[in-house]
Amino acid sequence: MPKKLNILVAALDWGLGHAARSLPLIDELRHQGAQPVLASAGRAGRFLQAERPGLPYLPLPAYDIRYASASMVWNMARQGPGLLKTVMAEHHALQGYIRRHQIGGVISDNRFGCFTKACPTVFLTHQLHIRTPSQWTGALANWLNTGFIRRFGACWVPDYEGHANLSHELGHPPLSGLPTCYIGALSRFSAQGQPVLPPPAYESMTVLSGPEPQRSRLEQELLAQLTRLPGRHLLAQGIPVQGGAKQVGRVTVYPYLGQRQLAVLARQSQVVISRPGYSSLMDWSALGVRHLLLIPTPGQTEQEYLAQHWENNGMAAVQQQGRVALAQGLAAAKRTAESPLLPATGNSLLRQAVAGFLSRCRASAG
């Protein structure tokens, strides 16, 4: 029996979204006979190990993105030298892993340093076009982003190519001169459509994510208001650690929810409160949750853009961190349409993309 092809799947440790959307990709690689080798850092790394125990895991340098300021330009300018150092360190680590672990292909979810000439590579991103507050910072950010992406052999966008898509101007049009494949939305939950929603058991479910210190700040702001609201509420802190739930007034607080439990509880909730991260929006669409209240991370222009788009199309209510009025926000969310279910074509698009990539990897290995 031929030895399985080792494919390194590297997920950015910027919250849990990149790691979460890697799960269906990891499962498809296994389904097609490859051996996924997981790679990340911090909370994202612990998440991957908890969700797919038994798979090989290799640590990568932590990006340690922090959004202390509401200005994305200032945050990135202040952390830029450190980020470049991390990119170089992870590139060095990758080269060693390829030699020591016989890696036959690399799929990098927004980890810029995971490029190599030693085997076929793919860069996974929904942000082909970065939005910033000003024209000059946008031009610089997109020049850097495009330059890094072009170091990879191909680019995969977790979205649909046509008009009915989720990323809109962030992921369309494709970059010229680079093989780009739209592989359908990537959600850890099935995109085949869910059964009829059960009767709501909870008024709201808050799912926290993203970099510190903003994750903790939002938790404090929401918990202070949730404990004063009528009805039953849930709050998932998004911290992959051991420990059970605790009760804070009418609020049940979980440090971390596994995939199955998160799906069940989200579908039992009247309103889901979350960041408008792209991976989160794919998950809520896959589950077909009732209503959404979105609170962008201060300084993350991508989240602000997606939140505005969903609000303008009547698919979510939006409030700003630091100015959350939860009672009004929940009422506004209940007046919106239910989140759209994802097309069922995503699975076949991913299947085709993975099959083509593995074929290139086998050909490269000789």
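In this text, residue positions in the sequence shown follow my numbering: the first is 1187, and each later residue adds one. We put the CB at the ideal spot given by N, CA and C, even for glycine. As the structure is a prediction and not an experimental result, all values here were calculated from the model.
Buried versus exposed call for Pro1399 [16 or more other C-beta atoms within 10 Å across all chains shown]:
Taking the first residue of the sequence shown as 1, we reach residue 1399 at position 213. Its Cβ having fewer than 16 others within 10 Å, Pro1399 is exposed.
Margin query: Between which two residues does the alpha helix (DSSP H) holding Phe1233 run?
Written below: Looking up residue 1233 in the sequence shown gives position 47. It spans 1228-1237 - the alpha helix (DSSP H) in which Phe1233 sits, taken as one unbroken run.
What would DSSP say about Gly1203, mapped onto helix, strand or coil?
For the purposes of this step, residue 1203 is taken as the residue at position 17 of the sequence shown. DSSP places Gly1203 within a helical segment (H, G or I) once states are collapsed to three.
*For Asn1192 and Gln1288, believed in contact at Cβ under 8 angstroms, the rounded distance*: For the purposes of this step, residue 1288 is taken as residue 102 along the sequence shown, with counting starting at 1. For the purposes of this step, residue 1192 is taken as residue 6 along the sequence shown, with counting starting at 1. Right, the Cβ-Cβ distance comes to about 6 angstroms (below 8 angstroms), so this counts as a contact.
| message | Nearest by alpha-carbon distance to Gly1554: which of Pro1306, Gly1430, Gly1299 is it? | response | In the structure as shown, the chain begins at 1187 and stops at 1552. Residue 1554 is therefore absent and cannot be evaluated.
Roughly how many angstroms lie between the CA atoms of Gly1435 and Thr1413, to the nearest whole one?
-> Taking the first residue of the sequence shown as 1, we reach residue 1435 at position 249. Taking the first residue of the sequence shown as 1, we reach residue 1413 at position 227. Answer to the nearest angstrom: the Cα atoms are 6 angstroms apart.
I believe Gln1456 touches Tyr1388 by the beta-carbon criterion, under 8 angstroms. Please report the beta-carbon distance rounded to the nearest angstrom.
Counted from its first residue, the sequence shown places residue 1456 at position 270. Counted from its first residue, the sequence shown places residue 1388 at position 202. Between Tyr1388 and Gln1456 the Cβ distance is about 7 angstroms, and since that is below 8 angstroms, they are a contact.
Is it right to say Met1468 is buried, meaning 16 or more other beta carbons lie within 10 angstroms of its own, or is it exposed?
-> Sequence index remark: in the sequence shown, residue 1468 carries index 282 (1-based). Met1468 comes out buried.
- Query: beta strand (DSSP E) containing Thr1323: first to last residue?
  - Reply: Here residue 1323 refers to the residue found at position 137 of the sequence shown. Element bounds for Thr1323: not the beta strand (DSSP E) but the alpha helix (DSSP H), 1321-1335.
At which residues does the alpha helix (DSSP H) containing Gly1515 begin and terminate?
Translated into positions along the sequence shown, residue 1515 becomes position 329. The continuous alpha helix (DSSP H) containing Gly1515 extends over residues 1512-1520.
### Query
What residue from Gly1485, Arg1476, Leu1209 has the CA that sits closest to Gln1454's CA?
Sequence index remark: in the sequence shown, residue 1454 carries index 268 (1-based). Distance from the Cα of Gln1454 is smallest, within the candidate group Gly1485, Arg1476, Leu1209, for Arg1476.
Self-check item: Residues near Cys1367 by beta carbon distance below 6 angstroms, same chain, minus five either side
Solution: Numbered from its first residue, the sequence shown carries residue 1367 at position 181. By the criterion of a C-beta distance shorter than 6 angstroms, Cys1367 is surrounded in its chain by Trp1342, Ala1539, once the five residues flanking it on both sides are discounted.
Task: Paired residues, beta bridge with Cys1341 - DSSP - done: As a working note, residue 1341 is residue 155 in the sequence shown. Assignment of beta-bridge partners to Cys1341 by DSSP yields Phe1309, Thr1366.
| message | Can you tell me whether Asn1351 is helix, strand or coil according to DSSP? | response | Start at 1 with the first residue of the sequence shown, and residue 1351 comes out as number 165. DSSP places Asn1351 in coil when its eight states are reduced to three.
Alpha-carbon to alpha-carbon, Ala1472 and Gln1378: For the purposes of this step, residue 1378 is identified with residue 192 of the sequence shown, where counting begins at 1. For the purposes of this step, residue 1472 is identified with residue 286 of the sequence shown, where counting begins at 1. With a pLDDT of only 47 at Gln1378, under 50, the local geometry of the prediction cannot be trusted, and no value is derived from it.
To the nearest angstrom, how far is the alpha carbon of Leu1310 from that of Pro1416? To locate residue 1310, count along the sequence shown from 1; it is residue 124. To locate residue 1416, count along the sequence shown from 1; it is residue 230. The alpha-carbon atoms of Leu1310 and Pro1416 are separated by roughly 42 angstroms.
Could you tell me which of Ala1340, Gly1339, Gln1313 sits nearest to Asn1331, measuring between CA atoms?
-> Translated into the one-based positions of the sequence shown, residue 1331 becomes position 145. Across the set Ala1340, Gly1339, Gln1313, the C-alpha of Gln1313 shows the shortest separation from the C-alpha of Asn1331.
Please report the straight-line C-alpha distance between Gln1507 and His1278, rounded to a whole angstrom. One-based indexing of the sequence shown puts residue 1507 at position 321. One-based indexing of the sequence shown puts residue 1278 at position 92. Looking at the two C-alpha atoms, the distance is approximately 38 angstroms.
Task: Per DSSP, cross-strand counterpart(s) of Gln1221 - done: Numbered from 1 along the sequence shown, position 35 holds the residue referred to as residue 1221. Answer by DSSP bridge pairing, in chain order: Asn1192.
Legend entry - Candidates Val1382, Leu1356, Pro1306, of which the one nearest Pro1365 by Cα: Along the sequence shown, one-based indexing puts residue 1365 at 179. If we check each option's Cα against that of Pro1365, Pro1306 comes out closest.
Task: Sequence-distant residues of the same chain with beta carbon closer than 7 angstroms to Ala1205, five excluded per side - done: Position 19 of the sequence shown holds residue 1205. Excluding sequence neighbours, Ala1205 sits near Ala1197, Ser1226, Ala1230, Phe1233, Leu1234.
Straight-line gap, Gly1500 to Gly1357 (C-alpha atoms, nearest Å):
One-based indexing of the sequence shown puts residue 1500 at position 314. One-based indexing of the sequence shown puts residue 1357 at position 171. Each residue's Cα considered, the two are about 21 angstroms apart.
Per DSSP, which residues does Pro1245 bridge with? Please list them.
As a first step, residue 1245 must be located in the sequence shown, where it is residue number 59. Pro1245 pairs with Ser1226.
Would a C-beta distance cut-off of 7 angstroms place Ile1293 and Val1308 closer than the cut-off? Looking up residue 1293 in the sequence shown gives position 107. Looking up residue 1308 in the sequence shown gives position 122. Contact: yes.
| message | If you measure between the beta carbons of Ala1551 and Gly1290, is that distance less than 7 angstroms? | response | Start at 1 with the first residue of the sequence shown, and residue 1551 comes out as number 365. Start at 1 with the first residue of the sequence shown, and residue 1290 comes out as number 104. Yes; because the gap between Cβ atoms is below 7 angstroms, this pair is in contact.
**Q.** For Glu1497, the first and last residue of its enclosing alpha helix (DSSP H)
**A.** Taking the sequence shown and counting its residues from 1, one reaches residue 1497 at position 311. Where Glu1497 is concerned, the enclosing alpha helix (DSSP H) starts and stops at 1487-1498.
Would Gly1240 and Asp1199 be called neighbours here (beta carbons separated by less than 7 angstroms)?
On the sequence shown, residue 1240 is found 54 positions in, with the first residue counted as 1. On the sequence shown, residue 1199 is found 13 positions in, with the first residue counted as 1. Contact: no.
Mapping DSSP to helix, strand and coil, what is Ser1294? Along the sequence shown, read from residue 1 onward, the residue named residue 1294 stands at position 108. In this structure, Ser1294 counts as strand in the three-state DSSP scheme.
task = Note the first and the last residue of the continuous alpha helix (DSSP H) segment covering Leu1473.
result = Along the sequence shown, one-based indexing puts residue 1473 at 287. Residues 1464-1473.
* To do: Would you mind working out which of Pro1441, Gln1411, Ala1275 sits nearest Ile1425, comparing C-alpha positions?
  => As a first step, residue 1425 is located in the sequence shown; it is residue number 239 there, counting from the start. Of the candidates Pro1441, Gln1411, Ala1275, the one whose C-alpha sits nearest the C-alpha of Ile1425 is Pro1441.
Look up His1315 in the DSSP assignment and give the residues it is bridged to. Sequence index remark: in the sequence shown, residue 1315 carries index 129 (1-based). Answer by DSSP bridge pairing: none, since His1315 is not bridged.
Requested in this report: Please report the residue range of the beta strand (DSSP E) in which Gln1505 lies.
Outcome: Translated into the one-based positions of the sequence shown, residue 1505 becomes position 319. That residue, Gln1505, is in no beta strand (DSSP E); it is neither H nor E in DSSP.
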